[in-house]
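Visitor: Residue numbers (the numbering used here): 1 to 248.
(1) Using a Cβ-Cβ cutoff of less than 7 Å, which residues in the same chain neighbour residue 54 once the five nearest sequence positions on both sides are dropped?
(2) I need the straight-line Cα distance from residue 76 to residue 170, nearest angstrom please.
(3) Alpha carbon to alpha carbon, what distance is there between residue 127 and residue 33?
(4) Just verifying my parser: in three-state terms, what is the DSSP assignment at residue 87?
(5) Cα-Cα, which of 58, 176, 113, 70 is closest to residue 9?
(6) Would the beta-carbon of residue 157 fall within 8 Å of that of residue 64?
(7) Would you please state the rounded distance, in angstroms, between the beta carbons of residue 6 and residue 167? I believe it to be under 8 Å.
(8) What is the rounded straight-line gap between the Cα of residue 256 and the Cα of residue 217?
(9) Sorted by chain position, which residues of the same chain lie with C-beta nearer than 6 Å to residue 36's C-beta, five sequence neighbours on each side aside?
(10) If we call anything under 8 Å between Cβ atoms a contact, is residue 212 one with residue 49?
(11) Would you identify the three-state DSSP class for residue 237, choosing helix, strand or coil?
(12) Among the candidates 209, 40, 187, 84, whose CA atom is the shortest distance from the CA of residue 141?
(13) Look at the Cβ atom of residue 150, then the Cβ atom of residue 164, and state whether they are nearer than 8 Å.
(14) Identify whether residue 195 lies in helix, strand or coil by the three-state DSSP scheme.
(15) Let me know the alpha helix (DSSP H) ranges lying completely inside the stretch 153-183, each 4 residues or longer, listed in chain order.
(16) For residue 112 versus residue 160, is the C-beta distance shorter than 8 Å?
(17) Tell me which residue opens and which closes the alpha helix (DSSP H) that residue 67 is part of.
(18) Can you tell me whether residue 251 is buried or exposed, with buried defined as 16 or more other CB within 10 angstroms of its CB?
(19) From residue 67 to residue 118, what distance separates their C-alpha atoms?
(20) So what does DSSP say about residue 226, is it helix, strand or coil?
(21) Between 148, 219, 94, which lies nearest to residue 242 when the distance is taken from Cα to Cα?
(22) When you compare only the Cα positions, how much space is there between residue 148 and residue 139?
(23) Counting along the chain, where does the alpha helix (DSSP H) carrying residue 200 start and finish?
(24) Just how far apart, CA to CA, sit residue 234 and residue 240?
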């Protein structure tokens, strides 16, 4: 039932198409504009893999809002009453939504991540590759960065589902999602540096998951993934608990 709902909405294919086009375009443009490092220190710090995956920030915004809408849209239209009449167990309804959104986002995210990687790699100029080898999947950390970028989009979708269940309101859910992923990390970075901001999703993907080379003072890729999984489980659990105690 949830799969039929998702694929029958006009917003779903358009949102996914925008995600695909946006991530690939950003990856290609970023790589095409990557300049050759002028010193050995800059060459050692350059991470082309991180550059090509820069579009994940756009992808998480679209996927996250789509996931929020998958929950709040039913409350806005009133169709949630029909859903709960057919399936009274609200936790089961939330689990079904999370499964469909998570699986769809995982498949789409992995496909986009790999396509973006190869398209962006081809756009890297010879001036750069003469100094730094073009990223390849057999290089240390590269395959892991690409795969975890796709997994990240699936986790973001699950967080969006949880926030939608917590708020049951499109504007509130979208604001909460934007606050957690973009606003709070930016504010905290300005106030406290990376001490706290490095534990937020956007900072984790930009500096931990989607990197082939470790970034100083940031979480390791696997620690970052564990933190994101913890966030996801907590938000979904809270959303399920609150949803079970509310009237439709």
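Beta carbons: idealized from backbone N, C-alpha and C, even for Gly.
Guide: In this structure, then:
(1) Counting only Cβ-Cβ distances below 7 Å, and skipping sequence neighbours, we find 26, 27, 30.
(2) 8 Å
(3) C-alpha separation (whole angstroms): 11 Å.
(4) coil
(5) Ranking the options by Cα distance to residue 9, first place goes to 70.
(6) yes
(7) In fact, because the Cβ distance is near 19 Å, the residues do not count as touching under 8 Å.
(8) Because the chain is modelled from 1 through 248, residue 256 falls outside the range shown and cannot be assessed.
(9) Answer for residue 36: 127, 128, 131, listed in chain order.
(10) Closer than 8 Å, so yes.
(11) helix
(12) 209
(13) The Cβ atoms of residue 150 and residue 164 do not sit closer than 8 Å to each other.
(14) Collapsing the DSSP output to three states places residue 195 in a helix.
(15) The alpha helix (DSSP H) runs lying completely inside the stretch 153-183 and spanning 4 residues or more are 170-178, given in chain order.
(16) no
(17) 56-77
(18) It is not possible to answer for residue 251, since the shown part of the chain is limited to 1 through 248.
(19) So the two alpha carbons sit approximately 27 Å from each other.
(20) Here residue 226 carries a helix assignment [DSSP, helix/strand/coil].
(21) 94
(22) 15 Å
(23) In the DSSP assignment, residue 200 falls outside any alpha helix (DSSP H), carrying neither H nor E.
(24) 10 Å
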